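Protein chains in written order, with our numbering: chain A, 571 to 812; chain B, 571 to 812. Report on the structure given below.
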């Protein structure tokens, strides 16, 4: 399979390395020059910042003239609509729902790949690429993909910030942060096994107002953290009273 | 070691089973009757609801008359001060920082046990019990312990609710919830390995306002969730601009 990946950031680098390892005929292309881009590739993946996707797509179309562009052009963004690639004849989205960072190993067999395409033919190409990568292909339209992206903000970014808060409280009290590791690990394991809505514990779901008041008082010096405490406590009580 | 555990809830049951398995001379006592309680035990652990601790301690003192009560009396609560046991001659706190649920296996070697005592002698008894249980003993005063408890609310209860939100968004979009498992697992592994403050990703830390606005709009039907989104986004931006 002939694949060109445009963009040398984290996602572009990870995907390039993986496709190459899996035996693809791969080129990793600089997004500013587009030097070496092949119009007859099976797939061109645009792996650049969301706000630059449309411009890169236009550059590709300008270079090729839409006639000779035989490749499916797809971006890898969760929150960007497929319409940003409107100038390309065959277009798609190839969104790997995982957090990529430098040097970190990714288990691709577990990476969901959310696919959207303008046609059956383009989808076939994306499916083939997903198989090549070894991920779990899931067809999803733009609205679904935006939902997945938002779910990721809660399940990754916001979850991570809960740990930032927990760590900072422990440090403030001169306690080792690793004393919370077993609790965090068990919490996540239980939530994924039994469903997070079935394993709630703590003062909010118990309606334990004296403890909640005590906690809010001890967060008085950190209004941002206090507001988060209030907001999530309300959410838990709202959700669990359903 | 002679240990009586008062209270047949989740924590009391888990600790009783573990102490017994480890070869302690254990009695598991009903908190209403206190039938069978031994005044000459090494340790009496009060494992009841926070608000009932003081009353149970008084009942123990009344039965014994403070003269003949030779046991160290300790509660297992994160947010309750040791002073609630004031009527007991020797007192302590033995707070296992883990989430206990029915039937779930606990790896005790990883459970932090936060210990506080009225005297060196009482602390020695708690330390011995911690060793017996096989946990990680950490001496912590009341303020530290309340900090740990609050950190647990963020690192367990609130973290869990982030997953509730993520799952509900995926379900709303008719997508399988397990597609977020790999992201969650990697997020937690990275946060614990590298420190959550060093691995932030996502629209909030990037200052990506168009995506944040899009997300807030899509949460318009759920004001509780929307408020949480706003509050955590502010917290991330506040924390990462430090």
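Glycine is no exception: its CB is placed at the ideal position from the N, C-alpha and C atoms. Only a predicted model underlies this, so the values are computations on that prediction, with no experimental measurement involved.
Check for me: the alpha helix (DSSP H) holding residue i runs from which residue to which?
| i | result |
| --- | --- |
| residue 799 (chain A) | 793-810 |
| residue 721 (chain B) | 712-722 |
| residue 585 (chain B) | 580-591 |
| residue 703 (chain B) | 690-703 |
| residue 610 (chain B) | First-last for residue 610 (chain B): undefined, no H or E at that position. |
| residue 787 (chain B) | 779-788 |
Could you spell out where the beta strand (DSSP E) holding residue i opens and where it closes?
| i | result |
| --- | --- |
| residue 572 (chain A) | 572-576 |
| residue 706 (chain A) | 706-709 |
| residue 666 (chain A) | 661-666 |
| residue 682 (chain B) | 682-687 |
| residue 645 (chain B) | 642-645 |
| residue 545 (chain B) | Given a span of 571 to 812 for chain B in the structure shown, any question on residue 545 (chain B) remains unanswerable. |
| residue 599 (chain B) | 595-599 |
| residue 616 (chain A) | 613-616 |
Tell me, please, whether the CB atom of residue i is closer than 8 Å to any CB atom in chain A?
| i | result |
| --- | --- |
| residue 743 (chain B) | yes |
| residue 583 (chain B) | no |
| residue 795 (chain B) | yes |
| residue 817 (chain B) | Because chain B is modelled from 571 through 812, residue 817 (chain B) falls outside the range shown and cannot be assessed. |
| residue 697 (chain B) | no |
| residue 680 (chain B) | yes |
| residue 668 (chain B) | yes |
| residue 713 (chain B) | yes |
| residue 655 (chain B) | no |
Against chain B, with Cβ distances strictly below 8 Å, would residue i count as a contact?
| i | result |
| --- | --- |
| residue 726 (chain A) | yes |
| residue 737 (chain A) | yes |
| residue 703 (chain A) | no |
| residue 813 (chain A) | The requested residue 813 (chain A) does not occur in the structure, where chain A is confined to residues 571 to 812. |
| residue 758 (chain A) | yes |
| residue 808 (chain A) | yes |
| residue 731 (chain A) | yes |
| residue 608 (chain A) | no |
| residue 577 (chain A) | no |
| residue 634 (chain A) | no |
| residue 623 (chain A) | no |
| residue 749 (chain A) | yes |
| residue 644 (chain A) | no |
| residue 588 (chain A) | no |
| residue 618 (chain A) | no |
On the CB-based measure, 16 or more other CB atoms within 10 Å of its CB, does residue i come out buried or exposed?
| i | result |
| --- | --- |
| residue 688 (chain A) | buried |
| residue 633 (chain B) | exposed |
| residue 593 (chain B) | exposed |
| residue 803 (chain B) | buried |
| residue 686 (chain A) | buried |
| residue 539 (chain B) | Lying outside 571 to 812, the shown extent of chain B, residue 539 (chain B) is not represented and no answer is given. |
| residue 730 (chain B) | buried |
| residue 603 (chain B) | exposed |
| residue 660 (chain A) | buried |
| residue 621 (chain A) | exposed |
| residue 649 (chain A) | buried |
| residue 645 (chain A) | buried |
| residue 612 (chain B) | buried |
What separation, rounded to the nearest whole angstrom, lies between the Cα atoms of residue i and residue j?
| i | j | result |
| --- | --- | --- |
| residue 608 (chain B) | residue 589 (chain B) | 16 Å |
| residue 749 (chain B) | residue 702 (chain A) | 19 Å |
| residue 657 (chain B) | residue 810 (chain A) | 38 Å |
| residue 783 (chain A) | residue 776 (chain A) | 13 Å |
| residue 721 (chain B) | residue 764 (chain B) | 18 Å |
| residue 692 (chain A) | residue 797 (chain A) | 47 Å |
| residue 719 (chain B) | residue 585 (chain B) | 19 Å |
| residue 610 (chain B) | residue 640 (chain B) | 5 Å |
| residue 582 (chain B) | residue 573 (chain B) | 12 Å |
| residue 579 (chain A) | residue 598 (chain A) | 11 Å |
| residue 698 (chain B) | residue 704 (chain B) | 10 Å |
| residue 647 (chain A) | residue 684 (chain A) | 10 Å |
| residue 767 (chain A) | residue 808 (chain A) | 12 Å |
| residue 805 (chain B) | residue 571 (chain B) | 48 Å |
| residue 700 (chain B) | residue 576 (chain B) | 17 Å |
| residue 773 (chain A) | residue 679 (chain B) | 26 Å |
| residue 737 (chain B) | residue 747 (chain B) | 6 Å |
| residue 628 (chain A) | residue 635 (chain A) | 10 Å |
| residue 694 (chain B) | residue 666 (chain B) | 17 Å |
| residue 652 (chain B) | residue 712 (chain B) | 7 Å |
| residue 757 (chain B) | residue 761 (chain A) | 15 Å |
| residue 655 (chain A) | residue 726 (chain B) | 42 Å |
| residue 739 (chain B) | residue 745 (chain B) | 9 Å |
| residue 755 (chain B) | residue 668 (chain A) | 10 Å |
| residue 617 (chain B) | residue 663 (chain B) | 11 Å |
Can you find a heavy atom of the ligand FMN that lies under 7 Å from the Cβ of residue i?
| i | result |
| --- | --- |
| residue 722 (chain A) | Summarising the ligand content, the structure contains no ligands, and the ligand FMN is consequently not present. |
Practice task
Could I get the ranges of all uninterrupted beta strand (DSSP E) runs contained in the stretch 728-764 of chain B, with 3 residues as the minimum, in chain order?
Solution key: none
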